[in-house]
DNA sequence: ACTTTGACTATAA
DNA sequence: GTTATAGCCAAAG
């Protein structure tokens, strides 16, 4: 009788939850940390979303972290990729134009996870 | 157990 | 338009 589990022992429960949302981001679209956090029921934990992404290196399947930008449409996490240009490259391949580390027509490309 | 950190956001000046 | 400050909360040290 698993009585030792007082409350989901999944240490990275929050991380997995974030990843599951990121996987849902359609190709050619982007979303924000706050949108993901809000979808998780913790709109004020936007920082934790970014924190989770910092741990996404080596996650299988690959996490499309390049589709997650801040609320301004700025590629704040580009420095966490293999190369600062990789994030822009990936977005460009999906039809998302990026100029000066900012998504062009960000408002149009924005996608909000559906609950 | 306490302190620091961080891929954020909202508000104020 | 920009810059500064505060709030936020879980993971890592």
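In our numbering, the protein residues as written are 37 to 151. For each residue, glycine too, the CB sits at the ideal point set by N, CA and C.
Item                                                                                                                                                              : Value
By Cβ distance below 6 Å, which residues in the same chain neighbour residue 57 in space, the five residues on each side in sequence not counted?                 : 72, 75, 149
Quick one: grab the DSSP three-state call for residue 111.                                                                                                        : coil
Once you ignore the five residues that flank residue 61 on each side, which residues in its own chain have a CB closer than 8 Å to its CB?                        : 67, 100, 103, 104, 147, 149
Could you compute how far the alpha carbon of residue 121 sits from the alpha carbon of residue 78?                                                               : 31 Å
Please say whether residue 131 and residue 113 have beta carbons closer to each other than 9 Å?                                                                   : no
Leaving out five residues on either side along the sequence, give the residues of the same chain with a beta carbon under 7 Å from the beta carbon of residue 44. : Its pLDDT being 45, under 50, residue 44 is placed unreliably in this model, and the value from its coordinates should be taken loosely. Cβ neighbours of residue 44 beyond the five flanking positions: none.
Secondary structure at residue 127, three-state DSSP: helix, strand or coil?                                                                                      : helix
Assuming residue 3 contacts residue 111 under a Cβ cut-off of 8 Å, what Cβ separation, rounded to an integer in Å, is found between them?                         : No information on residue 3 is available, as it lies outside the stretch 37 to 151 that the chain covers here.
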